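Q: Counting in this note's numbering, the sequence shown runs from 68 upward without gaps.
Even for Gly, the Cβ is constructed at its ideal location relative to N, Cα and C.
Fair warning: this is a prediction, and the values are worked out from it, not measured in the lab.
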Amino acid sequence: MKPSVYWLFVFVPATVVLEHAGQLPAPVIFFSAALAIVPIAALIVRSTEQVATRTGDAVGGLLNATFGNAPELIIALAALRAGYLDMVRASIVGAILANLLLALGIAFLLGGLRYRDQKYNPVAARTYSTMMLLASISLAVPSAFSRYFAPESTIRQEQLLNLGIAAVLLIAYGLYLLFSLKTHPGTFESAEGKKGEAHPEGKPWGMPRAIGSLLGASVLAAWMSEVLVGAAEGTGKALGMSQTFIGIVFLAVVGGAAESGSAIAMARKDRMDLSLGIALGSSIQIALFVAPVLVLASYAIAPQPLELSFNRAETGALFLGVLVGTIVSGDGQSNWFKGVQLVTAYAIIALMFYFLPELKH
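(1) Where does SER376 fall in DSSP's three states?
(2) Grab me the residues of ALA81's own chain with a C-beta within less than 6 Å of its C-beta, minus the 5 sequence neighbours each way, in chain order.
(3) Over the uninterrupted alpha helix (DSSP H) stretch that includes SER327, give me the two end residues.
(4) Who pairs with SER401 in a beta bridge, going by DSSP?
(5) Please go through the same chain and pick out, in chain order, the residues whose beta-carbon is closer than 7 Å to the beta-carbon of LYS262, but skip the five residues on each side of it.
(6) Need the endpoints of the alpha helix (DSSP H) that LYS304 sits in, please.
(7) Could you name the residues of the same chain whose beta carbon sits closer than 6 Å to that of TYR240, not counting the 5 residues immediately before and after it, in chain order?
(8) Would you kindly check if the distance between the Cβ of SER396 and the Cβ of TYR243 is under 9 Å?
(9) List, from N- to C-terminal side, the alpha helix (DSSP H) runs of 4 residues or more that fit wholly inside the segment 127-157.
(10) Can the beta-carbon of ASN188 be found closer than 9 Å to that of GLY322?
(11) Identify whether ALA162 lies in helix, strand or coil by the three-state DSSP scheme.
(12) Select from VAL208, VAL407, PHE420 and ALA233 the residue whose C-alpha is nearest the C-alpha of LEU176.
(13) Determine the contact status of GLU300 and ALA145, defining contact as a CB-CB distance below 9 Å.
(14) Would the segment 163-175 count as touching the segment 372-383 if we require 3 or more Cβ pairs under 8 Å?
(15) With GLU256 as the anchor, note down where its alpha helix (DSSP H) starts and where it stops.
(16) So, under 8 Å CB-CB, GLY388 and ILE415 are touching, yes? Tell me the CB distance rounded to an integer number of Å.
(17) For a minimum of 4 consecutive residues, which ranges assigned as the alpha helix (DSSP H) are wholly contained in the segment 344-377?
(18) My understanding is that LEU168 touches GLY392, with C-beta atoms under 8 Å, so please give their C-beta distance in whole angstroms.
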């Protein structure tokens with residue numbers, strides 16, 4: 068384990084102490100819980116890598132993507148139960164943009180500083196990009212419907228539309244898994260063959276330790292997520308931040324720490340196909356799996372059903388982010404300046420949401 072990440076586990080007990088100390092400022096508890104989630108997310112990825120050495124790359128890759136997104140899903144479910152629907156919608160958009168622009172941008176930048184030019188499979192990149200464009204369109208449809216037909220209140224047709232789109236997205240994600248894992252796995256092969264083995268570094272773990280670590284990390288993630296969401300509203304008021312900004316930047320970056328770190332680490336090892344697969348594959352899973360699951364879960368745990376009715380800023384940011392990511396990553400070659408372009412786009416979008424007042428849908 069890398070001390071630079073895992074020493075942050077001290078923030079788990081620290082967060083518990085701070086939460087029960089009484090009368091502490093909400094931002095102190097919020098950022099302590101955020102720091103505690105970072106090593107938990109890293110442990111989830113580490114554990115899934117160990118499990119993957121015994122299940123094979125196909126199943127292991129699916130596990131990695133699923134458990135890598137587990138903190139994001141757990142944070143969103145906690146916010147959903149607390150009734151922070153705007154924050155949940157923002158965290159969906161923010162998680163996609165954080166992977167697509169920030170994580171991939173830093174991966175391109177740091178990989179490009181070590182290697183002049185890095186190549187990857189352009190066919191796979193275009194497949195990922197097409198799925199992201201499909202996702203951005205599907206998330207824009209209920210937003211447009213809500214804005215023009217039900218701006219003040221939810222009508223029955225809007226609820227049915229959200230449920231219908233959630234079902235279609237889940238079917239599309241299932242077929243995407245079938246395509247990538249079963250019928251056309253060659254589409255996603257490395258552009259220059261395997262660059263080293265995909266096995267995790269260090270001494271292999273036993274299966275009981277790997278599964279135990281995975282389950283334990285998931286429980287810790289749920290616990291710290293509850294604390295994080297509980298302090299989110301007070302943090303926003305104290306720092307002058309909207310629910311939307313907290314969701315689109317803080318919760319997204321913290322929840323995506325696992326896959327972002329993996330994507331960057333792979334780029335530093337000149338394994339750009341794997342780096343791209345982690346960053347873009349995670350974005351696809353959030354849009355096509357996590358978002359519809361949250362819609363369905365909201366009927367059971369939220370004060371009111373979650374609608375995929377994003378405001379104009381969120382819809383525009385998502386579409387432009389996907390468009391920029393598609394253009395920059397579509398040619399099968401990366402360098403440090405492409406990383407700068409992606410990170411710049413993310414910084415501009417984050418600044419916009421920081422200064423944006425709360426909007427009605």
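A: So, from the listed chains and residues:
(1) Of the three classes helix, strand and coil, the one that applies to SER376 here is coil, per DSSP.
(2) Around ALA81, the same chain offers SER99 as residues with beta carbons nearer than 6 Å, after the five sequence neighbours per side are excluded.
(3) For SER327, the enclosing alpha helix (DSSP H) has its first and last residue at 324-335.
(4) Bridge partners of SER401: GLN185.
(5) Residue placement at LYS262 is flagged as unreliable, the pLDDT there being 49, under the threshold of 50; the coordinate-derived value follows with that caveat. Closer than 7 Å at the Cβ level, and outside the excluded window around LYS262, lie ASP337 and ARG338.
(6) Note, LYS304: alpha helix (DSSP H), 274-306.
(7) Its chain contains LEU355 and PHE356 as the residues whose beta carbon lies nearer than 6 Å to that of TYR240, once the 5 sequence neighbours on both sides are disregarded; these appear in chain order.
(8) Note that the C-beta distance between TYR243 and SER396 is not below 9 Å.
(9) Qualifying alpha helix (DSSP H) stretches, in chain order: 137-148.
(10) Contact annotation: ASN188 and GLY322 have beta-carbon atoms that are not nearer than 9 Å.
(11) DSSP, reduced to helix, strand and coil, places ALA162 within a helical segment of the structure shown.
(12) In terms of Cα proximity to LEU176, the closest of VAL208, VAL407, PHE420 and ALA233 is VAL407.
(13) No, the pair does not count as a contact, with Cβ atoms beyond the cut-off.
(14) As far as the Cβ criterion goes, the segment 163-175 does not touch the segment 372-383, which means the pair count is below three.
(15) Counting along the chain, GLU256 falls outside any alpha helix (DSSP H), and DSSP gives it neither H nor E.
(16) By a beta-carbon distance limit of 8 Å, GLY388 does not contact ILE415. Their separation comes to about 10 Å.
(17) Segments of the alpha helix (DSSP H) lying fully in the segment 344-377: 358-368.
(18) Between GLY392 and LEU168 the Cβ distance is about 6 Å, and since that is below 8 Å, they are a contact.
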